[in-house]
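Chemist: Under numbering that gives the first Met the number 0, the residue at position 110 of the sequence shown is numbered 109, and the numbers go up by one with no gaps.
We treat Cβ as the ideally placed atom computed from N, Cα and C, and that holds for glycine.
All values derive from a computational prediction rather than experimental measurement.
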Amino acid sequence: MRRQSTLVVMILSFIATLLLCKISYGGYLYGGVSGSNGIWQINPVDWSYTRILTDELSTPLALAYNSSDGYLYGGLSGSNGLWQIDPSGWSYTRILTELSLPTALTYNNIDGYLYSGLSGSNGLWQIDTSDWSYTRILTELSLPTALAYNSGDGYLYGGVSGSNGLWQIDPTDWSYTRILTELGSPTSMTYIPEPATLLLLGFGGLVLQRKHRAK
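1. Using three-state DSSP, classify Tyr27 as helix, strand or coil.
2. Apart from the five residues just before and just after Ser120, which ones in its own chain have a Cβ nearer than 8 Å to its Cβ?
3. At which residues does the beta strand (DSSP E) containing Thr134 begin and terminate?
4. Of all Cβ atoms in chain C, is any one closer than 7 Å to the Cβ of Asn163?
5. Put Ser78 into one of helix, strand or coil per three-state DSSP.
6. Quick check on this structure: which residue in Asn65, Ala145, Tyr91, Leu95 has the alpha carbon closest to the alpha carbon of Tyr112?
7. From Ser78 to Ile41, what does the alpha carbon distance come to, in whole angstroms?
8. For Gly73 and Leu104, which I take to be in contact (beta-carbon distance under 8 Å), what is that distance rounded to the nearest angstrom?
9. Rounded to whole angstroms, what's the CA-CA distance from Ser47 to Trp89? Just pull it up for me.
10. Taking the alpha carbon of Arg50 as the reference point, which residue from Trp124, Leu28, Gln125 has its own alpha carbon closest?
11. Look at the alpha carbon of Gly26 and the alpha carbon of Pro86, and state the distance between them as a whole number of angstroms.
12. Taking the alpha carbon of Asn108 as the reference point, which residue from Tyr156, Asp68, Pro43 has its own alpha carbon closest?
13. Can you grab the Cα-Cα spacing for the pair Thr58 / Ile84, in whole Å?
14. Would Leu146 pass as a contact of Leu165 if the rule is Cβ separation under 7 Å?
15. According to the neighbour-count rule (16 or more other Cβ atoms, all chains shown, within 10 Å of its Cβ), is Gly34 buried or exposed?
16. From the DSSP secondary-structure annotation, give me the bridge partner or partners of Tyr154.
17. What are the partner residues of Thr49, as DSSP defines its beta bridges?
18. Can you name the start and end residues of the beta strand (DSSP E) that Tyr148 belongs to?
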């Protein structure tokens, strides 16, 4: 009887954990779609979607979310510079108009920089969102076509035009390695962090422990 009660508690707790995991990953996907202006907002729970800023913005070619300030940053077809978009009210500003069109974007929540590839130039661009200064690094690499920051191992990963495979870049010393050379050149990339909730089973129950992610 005791064993049966323990099993029931474990099953119910496991169901509760699944629900918590689903809630913790609530949110929207944002993207650009070829042949249409504006940003598409997609709900991954029921796959409903809405197109926003349809009259104001052209097609986004690169987008990144800055978890520190809550803004989306993007490159829009037909215009140079970086666009800063506030998803709370959908206001937007074009900044760094002297830069060419971003072809890839990602945000590193550890060092606070945006990393980008810019059309017409080789190398990786590092953009400081606190004062909008920028630096071009790794000029020996050709134009990045896709970028993602992996908060798990601290590396940047990307695709580089003119070469197959995946590039792994260490932002601490800017060393890099080309891996998975049997693959073609990546055209888009993102990183999904590990689940925010751990499931720990003990004798007769379950403990939920929320992981604290590195800042």
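Modeler: Looking at the coordinates:
1. Correct three-state label for Tyr27: coil.
2. Within the same chain, and ignoring the five residues on either side of Ser120 in sequence, the residues whose Cβ sits closer than 8 Å to its Cβ are Ser99, Arg135, Leu142.
3. Its beta strand (DSSP E) spans residues 133 to 136.
4. Protein chains in the displayed structure number just one, and chain C is not present.
5. In the structure shown, Ser78 sits in coil (DSSP, three-state: anything other than H, G, I, E or B).
6. Taking only the C-alpha atoms, the option nearest Tyr112 is Asn65.
7. Taking the straight line from one Cα to the other gives about 25 Å.
8. With a contact defined as Cβ atoms closer than 8 Å, Gly73 and Leu104 qualify at about 7 Å.
9. Rounded to the nearest whole angstrom, the C-alpha separation of Ser47 and Trp89 is 19 Å.
10. The option with the nearest alpha carbon to Arg50 is Leu28.
11. The alpha-carbon atoms of Gly26 and Pro86 are separated by roughly 12 Å.
12. Of all alpha-carbon atoms in Tyr156, Asp68, Pro43, the one lying nearest the alpha-carbon of Asn108 is that of Asp68.
13. Their Cα atoms are separated by approximately 14 Å.
14. Cβ distance not < 7 Å, so Leu146 and Leu165 don't count as in contact.
15. Exposed, since its Cβ has fewer than 16 Cβ neighbours within 10 Å.
16. Answer is none; Tyr154 lacks a bridge partner.
17. The partner list for Thr49 (beta bridge, DSSP) reads Gln40.
18. Per DSSP, the unbroken beta strand (DSSP E) holding Tyr148 starts and ends at 143 to 148.
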